[in-house]
Amino acid sequence: MSDSGPTKLSPAQADLRGSPAPEMVTVVIDGQSHQFPKGTVLLEACNAVGAEVPFFCYHAGLSSPAVCRQCLVDVKGQPKPVPSCYTPVADKMEVATKSPRALDVRRQMLEFTLVNHPIDCPICDKAGECLLQKHYFDWDAKFARNDGIKVKKQKVVDVGPHIVLDQERCILCTRCIRVCDEVAQTHQLEMAQRGDREVLTTAPGHKLDNPYSLNTVDVCPVGALTAKDFRFAMRAWELYTMPSVCPGCATGCNIEVQHSRGQVYRLVPRVNPAVNKHWMCDEGRFTYKRAQTERLVAPLSAGMPVDWDRALDDAGRALSAVLASRPNQVGVVFNAQSTNEDLYALARLAFDHLHIGKAYIAGLDQGWHDDILVSADKNPNTAGAMAIGAGRLRSLLDLANDLKAGAVTALIVVGTRGVLGAGDATRTALPLERLQALIAIGTHRDAVVAAAHVALPLAEWTEADGTFTNRLGMVQRVRAAVPAAGDSLPGWEILSHLARKLGATMEYFEAKAVFTEARQKLPFMKEADWGRPMLPVQLRFANSRG
Amino acid sequence: VSTAGDSLETRRVVLGFQDAEDLGPPDLPTEPVPLNMGPSHPAMHGTVRMVLEVEGERISSADIQIGYLHRCFEKESENATWTQIFPYTDRLNYISPMLNNVGYALAVEQLLGIEKKIPERAQFIRVIVGEVSRICDHLTCLGASAMELGAFTVFLYALKAREWLFELLEEVCGARLTSTYCRIGGLAYDLPEGFDAKLRDILARTRIVMSDIGKLLERNRIFRDRMDGIGIITQADALAYGITGPVGRSTGLAYDVRKDHPYLVYDRFDFDVPVGSVGDNFDRYAVRVEEIVQSMRILDQALAQIPAGPVLLQDPRIALPPKSETYNSIEAMIAHFKLIMDGIHVPPGEVYSFTEAGNGELGFYIVSDGTGRPWKCRVRPPCFSATAVLGKVLPGLFIADVVPTFGMINMIGGECDR
């Protein structure tokens with residue numbers, strides 16, 4: 225998992241941890257002299273310079289209680305090894321991370337942790353990305369000296385709507401408790417009992433049900449907390465991972481899409497100090513599910529599946545008829561769910577080539593929000609859509625009025641999600657049946673697609689390359705992780721084909737070309753970076769290669 | 307048969323053979339004709355294509371086209387853990403998979419720096435199964451080549467003996483060809499009960515078979531006519547092409563990795579390296595026959611000296627723990643899990659390690675980036691260079707000479723094409 229590896233402390237991260245103009249101190253680590261900002265945690269300092277120190281309870285995004293004693297190192301002048309996660313660096317400090325004593329105490333701590341650990345690897349969801357496995361292999365690698373009976377605890381505890389707890393596997397690091405306390409800001413987990421009977425538990429009558437509860441599964445170094453959604457679904461090391469951005473709201477949490485054989489199995493947060501730090505909300509984790517059900521997989525013409533050529537011909541003919549006779553009655557619907565590339569291609573087609581005057585903006589309704597990560601705007605790219613629309617986009621209420629008045633008789637909808645929303649009376653009242661030509665480019669078999677004369681299948685966010693602009697105005701990259709469902713294509717490509725049928729010259733052959741052109745023309749994308757091409761990395765080898 | 311120092315002429319005089327009268331080419335108009343041999347040809351015991359240009363029966367040029375058995379061994383290896391590559395190595399020279407297993411294991415062990423820690427019994431067993439495989443390899447080559455010249459009895463005799471040895475290897479590792487017997491750090495399991503007596507018995511019977519084969523072939527006019535002086539590879543060519551093994555030794559090059567760069571416990575055995583004098587097909591035949599004898603000598607000594615003890619290094623980071631430990635302790639379970647799923651963590655670095663396989667110097671050039679799989683796993687297949695020289699040797703020979711010459715090169719598709 226991305227957040228459990230050694231932390232490389234960049235100056236930017238050091239800044240965020242509270243020292244804007246850091247005073248530097250000199251620390252000798254394993255005989256090598258290094259400079260660090262004052263106040264840096266020794267563990268981070270060691271790992272940043274390659275003197276790897278193992279840990280369980282420490283987490284870069286949480287406070288350090290120093291309970292696991294796995295990060296002990298020798299500091300010159302100290303009588304006993306010190307927990308490096310709890311020790312700030314000091315000037316002229318001399319640290320030995322690989323002294324015989326430090327190695328031995330860490331090995332003994334591991335042996336101690338393993339005494340009561342169940343032999344669960346074959347049935348444990350965490351196996352393969354388990355810190356205990358990794359540390360045993362890297363730092364212990366000795367056979368058991370103890371064949372006593374292991375302490376029995378509860379195996380399948382239903383602690384919340386998304387999470388199952390296995391108390392035997394828990395190594396009592398308290399990371400999950402701190403996630404609830406410090407991220408979700410609610411105290412839902414606690415330790416009970418003492419010694420080898422100590423267990424993780426919720427208070428009687430309480431549940432682990434905060435909106436950030438699945439972060440506890442990510443930070444759990446072992447398989448004690450497992451997500452019901454991912455439990456027994458897939459072996460972690462078989463998954464491939466692709467960096468992307470959550471489409472659940474305007475925050476744009478950085479995530480990894482973890483997939484195998486064309487199917488997404490889970491979304492996990494990816495560290496971005498400027499957006500989501502190490503976390504994401506539970507709701508965002510399930511956004512992948514929609515991309516895998518009820519998809520529109522083939523172009524439809526008059527409700528019948530046809531091939532792309534036929535569908536584009538029909539769409540072109542229907543639109544051309546209206547464009548030729550009543551060009552001011554053609555409208556286009558932009559969608560705040562689309563990528564900047566799809567929106568830009570649509571703007572080019574609608575405004576520059578077809579000179580359409582009537583443009584509208586669709587998107588999901590506002591929803592709940594908090595002050596942590598969740599935004600009220602449930603669309604990932606409202607900022608991008610508004611900037612690309614440049615004041616020309618009107619609301620769906622205006623569309624409803626125009627339809628009723630007969631001012632719009634042909635409509636191109638790119639992204640059908642949120643066009644007909646159940647929660648909004650004006651939307652359900654859109655009289656789409658009055659249209660002479662409705663070209664719907666959508667991902668799902670929804671009501672707009674059902675009403676469309678020609679429906680064209682659109683690739684989902686997990687299937688197409690592009691960028692989203694979040695509420696802070698940051699243009700963030702979305703990467704295609706899995707093949708597009710059925711015959712569906714990215715929006716810019718569909719629009720490029722459609723443009724050809726309408727006699728416009730708008731040829732794009734890759735998303736990057738659309739991005740590059742958009743970046744030259746749109747001020748808000750000036751700083752945006754497409755990033756390097758990337759092959760999915762298999763988690764099996766991701767720890768050491770990637 | 308001692309061939310050292312004999313010239314071709316003396317050999318033929320000793321045997322009392324007379325050359326057929328060379329009448330010279332008839333005075334007829336001819337033109338070069340292209341002729342395809344292979345890739346699927348009954349007398350080509352490997353999938354290889356030879357595009358010959360013939361003038362009458364005489365070959366004027368030969369283009370050897372390999373690659374029909376390319377299986378992406380090297381690329382596949384980059385996506386398999388270090389241990390998962392053993393089955394792939396079985397399919398290099400598939401007549402002597404044990405030798406490939408050993409060669410690959412030694413390379414990785416050298417990279418891990420544990421070559422000195424391999425249990426002694428494992429090293430002896432590696433020598434024993436390796437030499438048994440070498441005998442199998444040579445028997446196959448001799449039998450098949452003799453058969454292609456019409457000596458079908460020899461083929462049956464040779465394969466009968468090979469079958470005894472294969473059955474013995476099957477008892478050792480469960481398979482005749484796909485052995486996968488070695489592991490990084492030792493062997494998958496110890497030799498079976500009674501292996502010692504069985505091998506001695508088989509060797510005794512194989513000696514009789516070898517004697518029979520010698521009687522059938524070595525004074526056989528047809529065999530000698532088609533072997534003597536045919537397909538001569540000069541020593542200079544052998545050096546230039548990098549030819550090793552029996553083909554290289556047939557030209558008089560006394561290079562044998564087991565002698566010149568001893569590995570495992572080969573320095574403890576007394577054995578000779580036979581060399582040829584002419585570099586023709588018969589020398590290659592004779593070198594192989596003698597190597598079988600020498601392998602048997604090594605086997606006798608190894609069986610006498612083999613110590614008791616473990617056959618696998620006891621290190622949870624390298625070798626799988628015993629099953630009883632794996633099922634009953636979390637430590638061994640984790641080690642098992644990490645070794646199977648992540649693979650052995652071989653430190654970053656590169657190594658070229660080479661051993662004497664059936665066809666000569668089998669080299670593994672391996673680069674590790676510190677992960678559970680190689681970053682690069684390159685094989686130096688011994689028969690590749692020997693096959694390459696055919697393009698130079700064949701022109702001037704008759705079409706019929708291709709068969710014994712190619713046979714005695716012993717090109718193995720699995721190894722050559724990888």
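Residue numbers (my numbering), protein chains in the order written: chain A, 225 to 770; chain B, 307 to 724. The beta carbon of each residue, even a glycine, is placed where N, CA and C say it ideally should be.
Span of the beta strand (DSSP E) around residue i
i: N559 of chain A; result: 554-559
i: Q607 of chain B; result: Segment 587-611 is the alpha helix (DSSP H) holding Q607 of chain B; no beta strand (DSSP E) there.
Helix, strand or coil at residue i [DSSP, three-state]
i: T693 of chain A; result: strand
i: P726 of chain B; result: Lying outside 307 to 724, the shown extent of chain B, residue 726 of chain B is not represented and no answer is given.
i: P493 of chain A; result: strand
i: E380 of chain B; result: helix
i: Y463 of chain B; result: helix
i: W592 of chain A; result: coil
i: S366 of chain B; result: strand
i: N370 of chain A; result: coil
i: D531 of chain A; result: coil
i: I715 of chain B; result: helix
i: R455 of chain A; result: coil
i: P305 of chain A; result: coil
i: N342 of chain B; result: strand
i: C479 of chain B; result: helix
Within chain B, the residues that residue i reaches when beta carbons sit closer than 7 Å
i: W461 of chain A; result: M647
i: A357 of chain A; result: The sequence given here places Gln at residue 357 of chain A; Ala does not occur at that position. In chain order: I640, F643, K644.
i: A272 of chain A; result: By Cβ distance, chain B contributes nothing, its closest Cβ being about 19 Å from A272 of chain A, past 7 Å.
Per-residue contacts from residue i into chain B (C-beta, under 9 Å)
i: Y360 of chain A; result: P622, I636, E637, I640, A641, K644
i: F338 of chain A; result: Per the sequence shown, the amino acid found at residue 338 of chain A is Leu instead of Phe. Within 9 Å Cβ-Cβ: S635, I636, E637, I640.
i: H579 of chain A; result: By Cβ distance, chain B contributes nothing, its closest Cβ being about 53 Å from H579 of chain A, past 9 Å.
i: G372 of chain A; result: Those within 9 Å of G372 of chain A in chain B number zero; the least Cβ separation is about 11 Å.
Span separating the alpha-carbon of residue i from that of residue j
i: T450 of chain A; j: K350 of chain A; result: 8 Å
i: I490 of chain B; j: E454 of chain B; result: 40 Å
i: G384 of chain A; j: T425 of chain A; result: 11 Å
i: V738 of chain A; j: A752 of chain A; result: 13 Å
i: C643 of chain B; j: D711 of chain A; result: Contrary to the premise, residue 643 of chain B reads as Phe rather than Cys in this sequence. F643 of chain B and D711 of chain A: Cα-Cα distance of roughly 40 Å.
i: L573 of chain A; j: A723 of chain A; result: 7 Å
i: E276 of chain A; j: V306 of chain A; result: 15 Å
i: T382 of chain B; j: R397 of chain B; result: In the sequence on display, residue 382 of chain B carries Glu and not Thr. Straight-line Cα distance between these residues: approximately 13 Å.
i: Y394 of chain B; j: H411 of chain A; result: 54 Å
i: N406 of chain B; j: M333 of chain A; result: 42 Å
i: M533 of chain B; j: T557 of chain B; result: 14 Å
i: A238 of chain A; j: K304 of chain A; result: Interpretation of A238 of chain A is limited by its pLDDT of 49, a score under 50 that renders its predicted location unreliable; the figure taken from the coordinates is listed afterwards. Taking the straight line joining both Cα atoms gives about 28 Å.
Nonlocal neighbours in the same chain, by C-beta distance under 7 Å from residue i, ignoring five residues either side
i: V657 of chain B; result: A413, Q416, L417, I672
i: M458 of chain A; result: S484, Y489
Contact set between residue i and chain A, taken where Cβ atoms lie within less than 9 Å
i: P627 of chain B; result: F367
i: E631 of chain B; result: F367, A368
Neighbourhood of residue i by C-beta, 8 Å cutoff - its chain only, sequence neighbours within 5 removed
i: E426 of chain B; result: V571, P613, G615
i: I387 of chain A; result: L432, S437, L438, T440, V441, L449, T450, A451, K452
i: M225 of chain A; result: Below a pLDDT of 50, predicted positions are generally treated as unreliable, and M225 of chain A, at 40, falls in that range; no measurement from the model is reported.
i: L547 of chain A; result: V554, L578, A634, L726
i: I538 of chain B; result: V584, G585, D586, V699
6 Å CB neighbourhood of residue i in its chain, flanking five on each side removed
i: R764 of chain A; result: W461
i: A611 of chain A; result: F748
i: G719 of chain B; result: G352, T353, L375
i: G178 of chain A; result: The shown model of chain A, from 225 to 770, leaves out residue 178 of chain A, and the question about it has no answer.
i: A735 of chain A; result: E565, D689, G690
i: K602 of chain A; result: C473, L588, G591
i: K629 of chain B; result: none
i: A641 of chain B; result: P622, P627
i: L696 of chain B; result: I370
i: L609 of chain B; result: D502
Under 8 Å from the C-beta of residue i: neighbouring residues of chain B
i: I343 of chain A; result: Y633, N634, S635, I636, M639
N- and C-terminal bounds of the alpha helix (DSSP H) containing residue i
i: P688 of chain B; result: 688-694
i: E741 of chain A; result: 735-745
Contact with chain C by residue i, beta-carbon distance below 8 Å
i: A427 of chain A; result: Protein chains in the displayed structure are A and B, and chain C is not among them.
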